[in-house]
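Chemist:
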Amino acid sequence: MKKRLCTIVALNVMTLSSAPASADGKTFPGAFCDANQAATSAGSPYGFAGTGGGRPPDQTIFGGLFNTANVQNLFSCPIVRDITKGQPDGINFARVHVLNRSRVTCTLFSRTKTSPTAMPTTVEFASDSTTEIGDQQLDYPALDSGLRGYYHFGCDIPPPNPSQGGVSGIWFYDVSEKD
């Protein structure tokens, strides 16, 4: 009986580990994002923090991140790249789930470093936006990656809009990498 139990456990472990590698989906909470308060108002093309007014963004107990500042805010959201076999890999699809009270725009970037000291260059990017009020989903197509590259979202999040129910922000985002 002891031998039979070990065999069943071993088969179950083998079944779990043989899941198709192409199903490399990941979900990240909005709280993973970094808020560069008023970066878009300051005109920074690199997403560095500007000088904005108001409160810093609020995280919720649900893991979202919302703009409570009285100015537009740029949220930079990292994506863990764990498939790095080289070309051609990249992203199969990506989605950002937002709570919108005005207009939210997010851009998905695939970037690469050409040398250890050089600024990263953009390999590809795709943008989507919504003016629909409430919980919305932004969708992105497949993107290629660069050697030694990385991915991230940059999202312009508007200030609170009391006439439309309050704050805007990111609940979570999904990414699936190519295998």
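The C-terminal residue of the sequence shown carries number 629 in the numbering used here, and the numbering is unbroken.
Ideal placement from N, C-alpha and C gives every residue a C-beta, glycine not left out.
As the structure is a computational prediction, the values presented were derived from the model and not from experiment.
Output needed for Asn523: all residues of its chain with C-beta closer than 6 Å, excluding positions within five of it in sequence on either side, in chain order.
Modeler: These residues qualify, in order along the chain: Ala485, Gln487, Asn517 and Ile607.
Chemist: Taking only the alpha-carbon atoms, compute the straight-line gap between Asp532 and Pro591 and give it to the nearest angstrom.
Modeler: Roughly 19 Å separates the two Cα atoms.
Chemist: Looking at the strands, I want to know which residues DSSP matches up with Leu597.
Modeler: Looking at the DSSP assignment, Leu597 forms no beta bridge with any residue, so it has no partner.
Chemist: Taking the beta strand (DSSP E) that Pro528 belongs to, which residues open and close that run?
Modeler: Looking at the DSSP string, the run of the beta strand (DSSP E) that includes Pro528 is Asn523 to Ile529.
Chemist: Helix or strand or just coil, what does DSSP make of Ser613?
Modeler: Helix at Ser613.
Chemist: To the nearest angstrom, how far is it from the Cα of Val546 to the Cα of Ser565?
Modeler: Rounded to the nearest angstrom, the two C-alpha atoms are 30 Å apart.
Chemist: So what's Phe482 in DSSP terms, helix, strand or just coil?
Modeler: Three-state DSSP puts Phe482 in a helix.
Chemist: Which residue's Cα is closest to the Cα of Thr477: Asn520, Thr510 and Cys527?
Modeler: For the residues Asn520, Thr510 and Cys527, the minimum Cα distance to Thr477 belongs to Cys527.
Chemist: By Cβ distance below 7 Å, which residues in the same chain neighbour Glu574 in space, the five residues on each side in sequence not counted?
Modeler: Excluding sequence neighbours, Glu574 sits near Ser560, Leu593 and Asp594.
Chemist: Determine the direct distance from the alpha carbon of Thr567 to that of Asp578, and round the result to whole angstroms.
Modeler: Going from the Cα of Asp578 to the Cα of Thr567 covers about 31 Å.
Chemist: Using the C-alpha atoms, what's the distance from Phe543 back to Glu627?
Modeler: So the two alpha carbons sit approximately 7 Å from each other.
Chemist: Report the rounded CA-to-CA distance for Val548 versus Gly619, giving the unit in angstroms.
Modeler: Straight-line Cα distance between these residues: approximately 6 Å.
Chemist: Indicate the three-state DSSP secondary structure (helix, strand or coil) for Arg561 in the structure shown.
Modeler: Strand, per DSSP.
Chemist: Helix, strand or coil for Arg553? Go by DSSP, reduced to three states.
Modeler: If DSSP states are grouped into helix, strand and coil, Arg553 belongs with coil.
Chemist: Can you give the Cα-Cα distance for Asn611 and Thr581, rounded to whole angstroms?
Modeler: Cα to Cα, the separation comes out at about 12 Å.
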